[in-house]
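This report refers to the structure that appears directly beneath it.
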Amino acid sequence: MQWIYLCLAILFEVAGTTAMKLSDGLTKLVPSILIFVFYVISFVFLTFALKGMEMSVAYAVWSGMGIVTITIIGFFYFGESMNVIKILAILFILIGVVILNFNSTAHEAKKKEMVGERIH
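With the working numbering applied, the sequence shown covers -6 to 113.
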């Protein structure tokens, strides 16, 4: 369930950041209000996700996937630039998130194994 909460947190964080761009420096009312609404919802879901996840992993995935998604939205929707450096940076972020997940999964498996040994 934590991963669902984390995905929802990412979705609302991306929506909030997109609303920032659409607010034109807080000069447009609806997008300006939506920034705060979306970020509050994002932090609520991130808080739920943290209940069952390591903080370092949850935050890295939340921020990393948010950066990747916002970069893609910026390119396709807002016509922002894309170059080799940005693409490499996105790949490094994704690689880092994957490594953190594998490390966290291995750590959790080791903890369960140790708890199982104590019971027997």
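For glycine and all other residues, C-beta sits at the position ideal for the given N, C-alpha and C.
**OP:** Could you pull out every residue in the same chain whose Cβ sits closer than 6 Å to the Cβ of Glu47, ignoring the five residues on either side in sequence?
**Re:** Translated into the one-based positions of the sequence shown, residue 47 becomes position 54. Same-chain partners within the cutoff: Ser97.
Subject >> Closest Cα partner of Thr62 within the set Leu84, Asp17, Leu19 >> reply: If you number the sequence shown from 1, residue 62 lands on position 69. Selected option, being the one with the closest Cα: Leu84.
Original post:
Closest to Phe41 by CA distance: which of Leu22, Trp55, Ile86, Phe29 is it?
Top reply: Numbered from its first residue, the sequence shown carries residue 41 at position 48. Here the closest residue by C-alpha is Trp55.
Subject >> Ala8 and Phe36 closer than 7 Å at C-beta >> reply: Reading the sequence shown from its first residue, position 15 is the one you call residue 8. Reading the sequence shown from its first residue, position 43 is the one you call residue 36. Going by C-beta atoms, Ala8 is not nearer than 7 Å to Phe36.
Original post:
Do you know how far the Cα of Ala51 is from the Cα of Leu43?
Top reply: In the sequence shown, counting from the first residue as 1, residue 43 sits at position 50. In the sequence shown, counting from the first residue as 1, residue 51 sits at position 58. Spanning the two alpha carbons is a distance of roughly 7 Å.
Original post:
Alpha carbon to alpha carbon, what distance is there between Pro24 and Thr10?
Top reply: Taking the first residue of the sequence shown as 1, we reach residue 10 at position 17. Taking the first residue of the sequence shown as 1, we reach residue 24 at position 31. Whole-angstrom Cα-Cα distance: 10 Å.
Subject >> Spatially closest choice to Phe5 from Glu73, Ile86, Gly59, by CA coordinates >> reply: Numbered from its first residue, the sequence shown carries residue 5 at position 12. Checked all of Glu73, Ile86, Gly59; the closest Cα to Phe5 is Gly59.
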